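These notes concern the structure reproduced below.
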Amino acid sequence: MIMKSRLDSPSTYLAKVARLSAALRENPALPVRLGKKTSNLFRPRQTGAVQRLDVTGLNKVVRIDAQNLVAEVEGIMTYQELTKVTLEHGFVPTVVPELATITIGGALAGGGIESSSFRYGLVHETIKSMDVLTASGDVITAAPDGDHADLYAGLPNTFGTLGYVVKVTVGLVKSRPYVHLRHKKYDAAADYFAALAQVADSGEQDGQPIDYLDGVVFGADQFVLTTGRFVETAPYASNYTRHRIYYQSLLTQEEDYLTTYDYLWRWDTDWFWCSKRMYAQHPAVRLLFGRWLGSKTYWKLAGLDGKYHIQDRISRLTGRTQREEMVIQDVQIPIEHALTFLEFMERHIGITPIWTCPARAYNPKQHFPFYELEPGKLYINFGFWDGVSSDRDPAEGYYNRLLEAQVDQLQGKKGLYSESFYSREQFWQIYPKPTYDKLKKRYDPAGRLRDIYDKTVKRG
Numbered sequence: 103m104i105m106k107s108r109l110d111s112p113s114t115y116l117a118k119v120a121r122l123s124a125a126l127r128e129n130p131a132l133p134v135r136l137g138k139k140t141s142n143l144f145r146p147r148q149t150g151a152v153q154r155l156d157v158t159g160l161n162k163v164v165r166i167d168a169q170n171l172v173a174e175v176e177g178i179m180t181y182q183e184l185t186k187v188t189l190e191h192g193f194v195p196t197v198v199p200e201l202a203t204i205t206i207g208g209a210l211a212g213g214g215i216e217s218s219s220f221r222y223g224l225v226h227e228t229i230k231s232m233d234v235l236t237a238s239g240d241v242i243t244a245a246p247d248g249d250h251a252d253l254y255a256g257l258p259n260t261f262g263t264l265g266y267v268v269k270v271t272v273g274l275v276k277s278r279p280y281v282h283l284r285h286k287k288y289d290a291a292a293d294y295f296a297a298l299a300q301v302a303d304s305g306e307q308d309g310q311p312i313d314y315l316d317g318v319v320f321g322a323d324q325f326v327l328t329t330g331r332f333v334e335t336a337p338y339a340s341n342y343t344r345h346r347i348y349y350q351s352l353l354t355q356e357e358d359y360l361t362t363y364d365y366l367w368r369w370d371t372d373w374f375w376c377s378k379r380m381y382a383q384h385p386a387v388r389l390l391f392g393r394w395l396g397s398k399t400y401w402k403l404a405g406l407d408g409k410y411h412i413q414d415r416i417s418r419l420t421g422r423t424q425r426e427e428m429v430i431q432d433v434q435i436p437i438e439h440a441l442t443f444l445e446f447m448e449r450h451i452g453i454t455p456i457w458t459c460p461a462r463a464y465n466p467k468q469h470f471p472f473y474e475l476e477p478g479k480l481y482i483n484f485g486f487w488d489g490v491s492s493d494r495d496p497a498e499g500y501y502n503r504l505l506e507a508q509v510d511q512l513q514g515k516k517g518l519y520s521e522s523f524y525s526r527e528q529f530w531q532i533y534p535k536p537t538y539d540k541l542k543k544r545y546d547p548a549g550r551l552r553d554i555y556d557k558t559v560k561r562g
């Protein structure tokens with residue numbers, strides 16, 4: 103039985119949105135900012151006199167439509183909570199981002215990807231329609247067709263600068279109780295990317311259909327390609343939520359079984375592998391604090407580090423003199439340039455492991471101007487989240503700037519959830535300013551929401 107705490111009636115949803123609309127209309131002159139408890143942004147937040155719109159109550163499922171394979175979901179519900187509801191019906195969302203703190207509205211507005219994206223595309227492509235609350239207090243339903251098709255196409259990757267997503271209709275797919283994983287090792291990058299492309303194109307591995315596909319670059323000669331397939335039964339179910347570490351298992355096992363729920367959240371316990379920066383991979387830490395491990399905890403620790411500079415203090419105590427520039431990025435690179443990009447990473451950045459996740463546009467006829475993938479082309483998402491030590495001033499963003507230039511040269515796309523260093527001119531060479539200005543004029547004419555460049559770029 104589904105817990106009622108995760109459900110809302112349509113009338114309750116409408117009442118909550120009406121209160122938000124009224125709050126916006128009470129202070130028409132103030133800039134508007136989203137007020138919520140969690141965030142997955144790695145860049146500074148604006149301070150100052152603003153109206154904080156408390157949307158934390160928009161965190162429920164309104165309806166599951168099993169016949170049409172869709173769910174109506176409020177915008178601040180996390181995917182983790184959503185999957186608890188859909189799995190009880192025998193479904194999962196077609197694409198489920200990997201961290202427990204990611205909300206469905208956030209993934210839509212900021213870009214989201216996971217191991218089913220080789221088939222279904224990015225998160226915003228799984229959305230059938232959306233309710234958007236504008237800064238003036240209007241609620242607009244945007245869909246691929248109709249009067250607001252421009253907002254449906256334009257909102258992804260604009261980070262709430264055109265309006266806030268208060269409800270979406272998201273696609274579902276039938277699931278099974280378990281996921282059977284197979285981990286295949288490669289010692290050459292060319293062979294690895296060729297295999298990744300072949301499996302992504304065919305949707306099969308060794309003649310068996312697959313449901314999930316991703317991989318990890320552990321080093322210049324160490325690659326693991328992982329496929330997942332829904333199954334009804336399993337001889338065992340591994341648990342990586344406390345003592346064991348999922349990404350380490352990729353190197354030691356050829357196959358594995360997880361419950362579907364645990365598969366969807368396999369990366370969350372260790373924030374992929376970033377838990378090592380929090381010393382959370384030490385056996386004693388996991389023994390004492392294992393039940394609290396996960397992205398929610400790491401975000402709190404990261405916040406404390408930002409406030410009290412804990413890592414800097416440890417570096418000084420240990421005699422470390424070099425400074426560290428954080429390079430926390432996800433980039434989409436066309437498959438034909440994957441080898442070149444990996445060579446660039448090895449030569450200039452030096453971060454491993456690197457997550458690799460294939461994706462392609464789900465509907466070639468639907469264009470998203472602020473996250474445009476070339477129709478029919480396979481892209482590889484490279485995800486890397488660590489620091490680079492050097493004598494350079496981290497504030498200059500030397501390594502991040504190198505990365506941005508390389509991504510642009512290879513016709514790739516860079517996620518904007520982290521720090522960016524584009525000049526304003528560079529930014530608008532990448533994104534279509536006339537399209538954005540037209541959307542801004544229609545949906546935020548008073549400019550109460552931030553400009554996308556001002557919100558997503560650190561300086562420039």
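Each number in our numbering corresponds to the 1-based position in the sequence shown with 102 added.
Every residue, glycine too, gets a C-beta built ideally from N, C-alpha and C.
Computed from a predicted model, the values in this text were never measured in an experiment.
For this session: Could you check how far apart the C-beta atoms of A339 and T361 are, in whole angstroms? I think they sit under 8 angstroms.
Result: Contact holds; Cβ gap of about 5 angstroms.
Problem set entry | Pick from G321, F446, A440 and E448 that is closest to A461, judged by C-alpha positions | A440
Exercise. When the Cα of S217 is compared with those of R449, Y365, V241 and G309, which residue comes out closest?
Worked result: Nearest C-alpha to S217: Y365.
Exercise. What does M428 pair with, by DSSP beta-bridge criteria?
Worked result: G489
Exercise. Under the three-state reduction of DSSP, which class applies to S340: helix, strand or coil?
Worked result: coil
Problem set entry | Cutoff 8 angstroms; reference L201; Cβ partners in own chain excluding five residues on either side | Sequence-distant partners of L201 (beyond 5 residues in either direction) whose C-beta falls short of 8 angstroms from its own C-beta, in its chain, are N142, W369, D370, W373 and S397.
Problem set entry | For K286: DSSP bridge partner residues | Residue pairing for K286: DSSP places it in a beta bridge opposite L327.
For this session: May I have the straight-line CA-CA distance separating S123 from D240, to the nearest angstrom?
Result: 7 angstroms
For this session: Report the rounded CA-to-CA distance for P337 versus C376, giving the unit in angstroms.
Result: Our two residues, P337 and C376, have alpha carbons roughly 30 angstroms apart in a direct line.
Exercise. Does DSSP put E474 in a helix, in a strand, or in coil?
Worked result: Taken through DSSP and simplified to helix, strand or coil, E474 comes out as coil.
Problem set entry | Per DSSP, the bridge partner or partners of W457 | V318 and G485
Problem set entry | E438 versus G452, D432, E476 and H450, residue with shortest Cα-Cα distance | E476
Exercise. Per DSSP, I229 is paired with what?
Worked result: Bridge partners of I229: V272.
Problem set entry | Span of the alpha helix (DSSP H) around G212 | I206 to G212
For this session: Taking only the alpha-carbon atoms, compute the straight-line gap between Q528 and A507 and give it to the nearest angstrom.
Result: 10 angstroms
For this session: Using three-state DSSP, classify G514 as helix, strand or coil.
Result: coil
For this session: Compare the Cα-Cα distances from K535 to each of G549, L327, K378 and D553 and report the closest residue.
Result: D553
Exercise. Contact check, L155 vs G137 under 8 angstroms by CB: the rounded distance?
Worked result: 6 angstroms
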